[in-house]
Amino acid sequence: MKTASFYMFVSVWVIGFLLFTLGPMVFSFYISFTQWEVVSDPVWAGTDNYRMLFKDTMFYKSLAVTFYYTLVSVPLQVVLSFGIALLMNLKLRGIYVFRTVYYLPTLVQGVAQMVLFIWIFNPNVGLINSVLRFAGIHGPAWLSDPHWSMPAIILMSLWTVGGNMIIYLAGLSDIPQSLYEQAEIDGATVLRRLWHVTLPQISPILFFNAVTSMIGAFQTFTQGFLVNGGPDNSLLFYAYYLYQNAFMWFKMGYGSALAWVLFVIILLFTLLVFRSSALWVYYENEVGGRKRRVRKKEA
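Numbering-wise (this note's numbering), the sequence shown opens with residue 6 and increments by one.
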């Protein structure tokens, strides 16, 4: 009876996974080797779509845009959210109000967030340029200037750091207070306590937020979609270029090839971060990341 109940409950997830995840992935992998324009039947093309990628200048452009955004925005998000979490972890009166204020922006995401920031970055009536004019500074045309469009989007990405902040706060609250007391008795300064106590204890959460933020950055779509790739394709994110090929130009085979290349890129970078975690991520009951790696090799 228990076995039957187990299979009944797990079957819901298994069926959903097969129909909406694994099935579409297998089909996408198949059509990446075909020429399929939706209205006609797929025609086998072998590796033509993948070979075309290396001759497609827009493919390299979208990769460069996405890598630039990821390499700059992810460290900023991780560091800023951690810094805010440290401040929000202070035992001050009314601190819960500030925690709420910092978290609330995460409720406005996606299209709504982008529409809001299109107004904020408006060169004539936008909030940022209005403040700059008050200070006697002539602000740029943020989303209309290819030199400023990416910095504007990176700045916009910091809008949702409250989500990571909450995760950091949960980790900070679990750090035993006795560790700080012992470090203080030993004469450790605030910075030393941060480096030798807080960071090692919070490193698994730093690792988690870094990985999830990186994966999300590689899949950035809305920002490029709502500005049609930005001026001079300065916001032609990879996911948006994939969308253009698959759903605007109906080149499903080529779009699927782009999707699988993105999957491989994300997988490789995720594995790289996981591999590096042995050097800097500390887990409870372990001496340290570097020693953990040595023990694994010896085993």
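Glycine included, C-beta positions come from ideal geometry on N, C-alpha and C.
Residue environment analysis places Leu241 among the buried positions, since at least 16 neighbouring C-beta atoms fall within 10 angstroms of its C-beta. For the segment 127-179, not one full-length beta strand (DSSP E) segment reaches 3 residues or more.
Here Gln40 is bridged, per DSSP, to Val48. Residue state for Thr225 is assigned as coil, using DSSP reduced to three classes. Met170 places its beta carbon 8 angstroms or farther from that of Ile100. Excluding the 5 residues flanking it on each side, Ser149 has same chain C-beta neighbours closer than 6 angstroms at Pro236, in chain order.
By the CB criterion at 8 angstroms, Ser37 and Trp254 fall outside the cutoff.
In the displayed model, Leu231 falls within a helix according to three-state DSSP. Pairing Gln224 with Thr165 gives a Cβ-Cβ distance that is not under 8 angstroms.
A distance of 8 angstroms or more separates the beta carbons of Val136 and Leu231. The Cβ neighbour count for Lys256, taken over all protein chains shown within 10 Å, is at least 16; the residue is labelled buried. In the DSSP assignment, Gly115 falls within the unbroken alpha helix (DSSP H) covering Gly115 to Ile125. Bounds of the alpha helix (DSSP H) holding Met93 are Thr62 to Met93.
Where Val202 is concerned, there is no enclosing alpha helix (DSSP H), because DSSP gives it neither an H nor an E. Per DSSP, the unbroken alpha helix (DSSP H) holding Ala262 starts and ends at Met257 to Trp285.
Your pair Ile133 and Gly141 does not check out as a contact, with CB atoms roughly 15 angstroms apart and the cut at 8 angstroms. A contact is defined here as three or more CB-CB pairs under 8 angstroms, and the segment 153-162 meets this definition with respect to the segment 74-83. Leu241 carries a coil assignment under DSSP once its states are collapsed to helix, strand and coil.
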